[in-house]
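To convert, take the position in the sequence shown, counting from 1, and add 141; that gives the numbering used here. Glycine is no exception: its CB is placed at the ideal position from the N, C-alpha and C atoms.
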Amino acid sequence: MEKTLLLHRHAPGTLVKLDRLLHKRTGGMIGALSHRIRGAAINAVLPGTEQITQNSLEAVPLDVAAESPRLLIDARDKW
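This is the structure in structure tokens:
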């Protein structure tokens with residue numbers, strides 16, 4: 142997926158380094174992963190930063206199905 146990004150300042154391997162975060166945040170759902178990466182890429186192009194970061198990935202909202210596993214884990218961790 143990362144190879145298809147045409148961002149001028151994006152460092153190859155960035156998404157691989159964030160694999161655990163991406164899996165946790167998307168609940169392992171490929172559609173949610175694709176949505177998050179695509180959204181972060183669009184958000185990187187608009188202001189001209191041309192790179193994806195952890196913050197830019199976390200700024201992309203996901204649908205309820207993708208967010209539900211994370212919400213359950215977060216709630217469980219608070220108990």
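Contact defined as beta carbons within less than 8 Å: I believe residue i pairs with residue j. What is the distance between those atoms, to the nearest angstrom?
i: Leu148; j: Ala185; result: 6 Å
i: Leu159; j: Leu203; result: Contact doesn't hold; Cβ gap of about 15 Å is too wide.
i: Ile178; j: Met142; result: 6 Å
i: Leu162; j: Gln195; result: 6 Å
Check residue i in the structure and name its three-state DSSP category.
i: Arg161; result: helix
i: Arg166; result: helix
i: Arg150; result: coil
i: Glu199; result: helix
i: Leu187; result: coil
Please list, in chain order, all residues of the same chain as residue i whose beta carbon is under 7 Å from its beta carbon, the five residues on each side excluded.
i: His151; result: Glu191, Gln192 and Ile193
Cutting at 6 Å between CB atoms, please list the residues of its own chain near residue i, excluding the five before and the five after it.
i: Ile146; result: In the sequence under discussion, the amino acid at residue 146 is Leu, which differs from the Ile named in the question. Closer than 6 Å at Cβ, skipping near neighbours: Ala182.
i: Gly180; result: Val201
Apart from the five residues on each side of it in sequence, which residues of its chain come closer than 8 Å, Cβ to Cβ, to residue i?
i: Ser175; result: Met142
Between residue i and chain B, is there a C-beta pair that is closer than 8 Å?
i: Leu162; result: The structure shown has no chain B; it contains just one protein chain.
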